[in-house]
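**Student:**
2 protein chains.
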Amino acid sequence: MSSKLETMTRWLSDQEQRAWRGLMDLHAELWSAVARDLQANSGLSQGDYAILACLSEAPGRRQRVTELAQTIRWERSRLSHQLSRMEKRGLVVRTECPEDARGAFAEITPDGLTVITAAAPEHVASVRRHLFDALTPEQVEALAEISAAVLDGLRQSSSAGMNGST
Amino acid sequence: MSSKLETMTRWLSDQEQRAWRGLMDLHAELWSAVARDLQANSGLSQGDYAILACLSEAPGRRQRVTELAQTIRWERSRLSHQLSRMEKRGLVVRTECPEDARGAFAEITPDGLTVITAAAPEHVASVRRHLFDALTPEQVEALAEISAAVLDGLRQSSSAGMNGST
Numbered sequence: 001m002s003s004k005l006e007t008m009t010r011w012l013s014d015q016e017q018r019a020w021r022g023l024m025d026l027h028a029e030l031w032s033a034v035a036r037d038l039q040a041n042s043g044l045s046q047g048d049y050a051i052l053a054c055l056s057e058a059p060g061r062r063q064r065v066t067e068l069a070q071t072i073r074w075e076r077s078r079l080s081h082q083l084s085r086m087e088k089r090g091l092v093v094r095t096e097c098p099e100d101a102r103g104a105f106a107e108i109t110p111d112g113l114t115v116i117t118a119a120a121p122e123h124v125a126s127v128r129r130h131l132f133d134a135l136t137p138e139q140v141e142a143l144a145e146i147s148a149a150v151l152d153g154l155r156q157s158s159s160a161g162m163n164g165s166t
Numbered sequence: 167m168s169s170k171l172e173t174m175t176r177w178l179s180d181q182e183q184r185a186w187r188g189l190m191d192l193h194a195e196l197w198s199a200v201a202r203d204l205q206a207n208s209g210l211s212q213g214d215y216a217i218l219a220c221l222s223e224a225p226g227r228r229q230r231v232t233e234l235a236q237t238i239r240w241e242r243s244r245l246s247h248q249l250s251r252m253e254k255r256g257l258v259v260r261t262e263c264p265e266d267a268r269g270a271f272a273e274i275t276p277d278g279l280t281v282i283t284a285a286a287p288e289h290v291a292s293v294r295r296h297l298f299d300a301l302t303p304e305q306v307e308a309l310a311e312i313s314a315a316v317l318d319g320l321r322q323s324s325s326a327g328m329n330g331s332t
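Line order of the protein sequences matches chains A and B.
Under the working numbering, the first residue of the first sequence is numbered 1, with each subsequent residue one higher.
Under the working numbering, the first residue of the second sequence is numbered 167, with each subsequent residue one higher.
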């Protein structure tokens, strides 16, 4: 790590500042607007929705809890608490496999499937209203490309074992 | 609210799906990569950094806790716990104003200022490495414009009292 980095810092340009702060604010406000709609229209949190959407699309409508945690990028303990609450509401069930070291499955119930199926159209309409209605088709394409480019870079540096302490 | 929305749902196109999932994944992975660097290089969380950066730029290097909560978009109770921890580490102090109903101030300490000043160059380098190095100047400009367009839309619908239950 350079101890002289201060002397060679390339501070963000105005445009980069706008892009960085914009991205952070965009995510925070978009996420909160979509979450508010989802709660009002379906009584679901974003966490509920993400989990139900994943499980509804999974083969056999179930997924290992460890894999589900990776997919939705939650810590295992947070997911475990969330699944307990969703189990009490009848949206999911967990099935343990004592003989299988890879751990328990989470499965969406028929009630859970009814709930996500009913919630999806309003949720899509909310994403469309808050995000896509503000953008031109060229901007939608640019956003998809920007996301892919940054994610490629992040995944390459992650697989190369870089951790920023260079 | 339309009860027949299912029959008229405009599902997301492939491109819109890529943009929406891309934006969510981009934010999650970028945030986590930048947070990991920040912790490794400076021992600060993203919350620490956001609060110290806000206070270091505020007039008199202090801000009302209620305003700080709005600026960094945290719930008041979460910010209060965070400030208690940062106070114990000597990074900030809180000053109460019993005669002023608008509430307490948070102020960055000289130690806090030293810490954020030392952390900033590595943090900027981390943002540059993970975000901007993957993008062309045109994409940086597009990202700033996309963010501004979506935020404009969100703020307009918020000030118009729309809540998604249309």
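Where is the CB? At the ideal position from N, CA and C, for every residue including glycine.
Since the structure is predicted, the reported quantities are computational estimates derived from the model, not experimental observations.
Residues in the same chain with beta-carbon distance under 6 Å from Gln322 of chain B, minus the five sequence neighbours each way, listed in chain order, please.
**Tutor:** Along the second sequence, read from residue 1 onward, the residue named residue 322 of chain B stands at position 156. Same-chain partners within the cutoff: there are none.
**Student:** How is Glu6 of chain A classed by DSSP in three states: helix, strand or coil?
**Tutor:** Working through the first sequence from its first residue, we reach residue 6 of chain A at position 6. Low confidence applies here, because Glu6 of chain A scores a pLDDT of 47, under 50, leaving its location unreliable; read the following figure in that light. In the structure shown, Glu6 of chain A sits in a helix (DSSP, three-state: H, G or I).
**Student:** Kindly identify the DSSP beta-bridge partner or partners of Val306 of chain B.
**Tutor:** Here residue 306 of chain B is taken as the residue at index 140 of the second sequence, counted from 1. DSSP, once it has assigned bridges, lists no residue as partnering Val306 of chain B.
**Student:** Pick from B:Gly319, B:Asp191, B:Leu320 and B:Ala308: whose alpha carbon is nearest that of Arg18 of chain A?
**Tutor:** One-based indexing of the first sequence puts residue 18 of chain A at position 18. Of the candidates B:Gly319, B:Asp191, B:Leu320 and B:Ala308, the one whose C-alpha sits nearest the C-alpha of Arg18 of chain A is B:Ala308.
**Student:** Excluding sequence positions up to five away, which residues of its chain have a Cβ less than 6 Å from the Cβ of Leu245 of chain B?
**Tutor:** Indexing the second sequence from 1 puts residue 245 of chain B at position 79. Cβ within range, chain order: Ala235.
**Student:** If you follow the alpha helix (DSSP H) that Ala125 of chain A is in, where does it begin and where does it stop?
**Tutor:** For this step, residue 125 of chain A is matched to residue 125 along the first sequence. Segment Pro110 to His130, the alpha helix (DSSP H) holding Ala125 of chain A.
**Student:** Whose C-alpha, out of B:Glu304, B:Val259 and B:Asp214, is nearest the C-alpha of Thr275 of chain B?
**Tutor:** As a position in the second sequence, residue 275 of chain B is number 109, starting the count at 1. The shortest C-alpha separation from Thr275 of chain B is found at B:Val259.
**Student:** Does the beta-carbon of Asp203 of chain B have 16 or more other beta-carbons within 10 angstroms, so that it is buried, or is it exposed?
**Tutor:** The residue labelled residue 203 of chain B in the question sits at position 37 within the second sequence. Looking at its Cβ environment, which holds 16 or more other Cβ atoms inside 10 Å, Asp203 of chain B is buried.
**Student:** Would Gly256 of chain B pass as an interface residue toward chain A - the criterion being a Cβ-Cβ separation below 8 Å?
**Tutor:** Taking the second sequence and counting its residues from 1, one reaches residue 256 of chain B at position 90. Cβ-Cβ to chain A under 8 Å: no for Gly256 of chain B.
**Student:** Can you list the residues of chain A that Glu307 of chain B reaches, using a CB-CB cut of under 7 Å?
**Tutor:** Sequence index remark: in the second sequence, residue 307 of chain B carries index 141 (1-based). Going along chain A in sequence order, the residues near Glu307 of chain B (Cβ under 7 Å) are Gln15.
**Student:** Please confirm if Gly188 of chain B has its CB atom under 8 Å from at least one CB of chain A.
**Tutor:** Residue numbering aside, residue 188 of chain B sits at position 22 when the second sequence is read from its first letter. Answer yes: the Cβ-Cβ gap between Gly188 of chain B and chain A drops below 8 Å somewhere.
**Student:** Check for me: the alpha helix (DSSP H) holding Arg18 of chain A runs from which residue to which?
**Tutor:** Along the first sequence, read from residue 1 onward, the residue named residue 18 of chain A stands at position 18. Arg18 of chain A -> alpha helix (DSSP H) spans Asp14 to Ser42.
**Student:** Can you give me the C-alpha to C-alpha distance between Ser165 of chain A and Val150 of chain A, rounded to a whole angstrom?
**Tutor:** Within the first sequence, the letter at position 165 stands for residue 165 of chain A. Within the first sequence, the letter at position 150 stands for residue 150 of chain A. Low confidence applies to Ser165 of chain A: its pLDDT is 44, below 50, so where it sits in the model is not reliable enough to give any reading.
**Student:** Between which two residues does the alpha helix (DSSP H) harbouring Arg242 of chain B extend?
**Tutor:** Locating residue 242 of chain B in the second sequence gives position 76, counting from the first residue. Residues Arg242 to Lys254.
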